[in-house]
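Visitor:
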Amino acid sequence: SRKIVGISSRCPQDQFQWMIDMLTSHLSELVSEVKYLPITNENSDEWKKEVKRYSIGILYHSLKHGRINITDVEGSLYDKELSYMSQCLDKENVMVVLDDLDHAKVEEKERILRTQPSIKDCSSLLLLIANKDKQSDFLSQIDAISQLLNRGNTGVDLFKNKTQLTF
Numbered sequence: 001s002r003k004i005v006g007i008s009s010r011c012p013q014d015q016f017q018w019m020i021d022m023l024t025s026h027l028s029e030l031v032s033e034v035k036y037l038p039i040t041n042e043n044s045d046e047w048k049k050e051v052k053r054y055s056i057g058i059l060y061h062s063l064k065h066g067r068i069n070i071t072d073v074e075g076s077l078y079d080k081e082l083s084y085m086s087q088c089l090d091k092e093n094v095m096v097v098l099d100d101l102d103h104a105k106v107e108e109k110e111r112i113l114r115t116q117p118s119i120k121d122c123s124s125l126l127l128l129i130a131n132k133d134k135q136s137d138f139l140s141q142i143d144a145i146s147q148l149l150n151r152g153n154t155g156v157d158l159f160k161n162k163t164q165l166t167f
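In case it helps, the numbering used here puts the sequence shown at residues 1 to 167.
#1: Applying the criterion that 16 or more other CB atoms from any shown protein chain within 10 Å of the CB defines a buried residue, is Lys139 buried or exposed?
#2: From the DSSP output, in three-state form, read off Lys35 for me.
#3: Beta carbon of Leu89: closer than 7 Å to some heavy atom of the ligand ADP?
#4: What residues are listed by DSSP as bridge partners for Lys3?
#5: Assign Tyr78 to one of three DSSP states: helix, strand, or coil.
#6: For a quick check, are the C-beta atoms of Val31 and Lys3 less than 8 Å apart?
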C-alpha cells in the first residue's frame, strides 16, 4: 500500500522541495502523499499530533541551516523530535536526510553516526546529499529508500545492510 510521508524540519520547505518532487515522481507507486511538518520552538504539541498521522517520517536538516548538529552534540536541533518520531512510527519507518554537504562520502556518514549515535538508534536510514548533485545522490540510494517505504513494519534495520551506503 502507498504511504503518507511526513517531512519534519526546522528548514523552510523550499530547501527540500526537490526531495518532495523526487519522492512523488520516482517513488509514486509507494508514496501517496508527502506532507511538510515544520518544527518550531512554539508548535511542539501540534507537531506531535501530526507525526502520528504518517506512515513514514523523514527528519530533514540542511547545512544551510547551521552545522551538522542533528542530535547528541552541543546545540543539537532535533534530539526530542527524532526520538519521538522513532517512538511513534518505529525506527524502521524513520529516515534522516542531511543536505547541502560538500560531498556525500561513506567516511563522513560513518563519522556522523559515530558522533551522533541517536541517528542510528532512532532511524533506519541516513542519507547524505551533496549540494552540487542532489538528485543523483538521492537516486543512488533509491533502492534503500524504496525498501524503507515498502517494508512496512518488518523490523528491518537498513543500517545493518552493508551492501549499500546505509550502515
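A virtual CB, placed ideally from N, CA and C, is assigned to each residue, including glycine.
Quick caveat, the model's predicted, so the values are computed rather than measured.
Guide: Considering the structure as presented:
#1: The sequence position of residue 139 within the sequence shown is 139, counting from 1. For the record, residue 139 in the displayed sequence is Leu; it is not Lys. Exposed.
#2: Working through the sequence shown from its first residue, we reach residue 35 at position 35. Here Lys35 sits in strand by DSSP.
#3: Inclusion of the ligand ADP in the displayed structure is not the case, the ligand content being empty and no account of it being possible.
#4: Here residue 3 refers to the residue found at position 3 when the sequence shown is read from its first residue. DSSP, once it has assigned bridges, lists Val31 as partnering Lys3.
#5: Reading the sequence shown from its first residue, position 78 is the one you call residue 78. Correct three-state label for Tyr78: coil.
#6: Position 31 of the sequence shown, counting from 1, holds the residue named residue 31. Position 3 of the sequence shown, counting from 1, holds the residue named residue 3. For Val31 and Lys3, yes; Cβs fall inside 8 Å.
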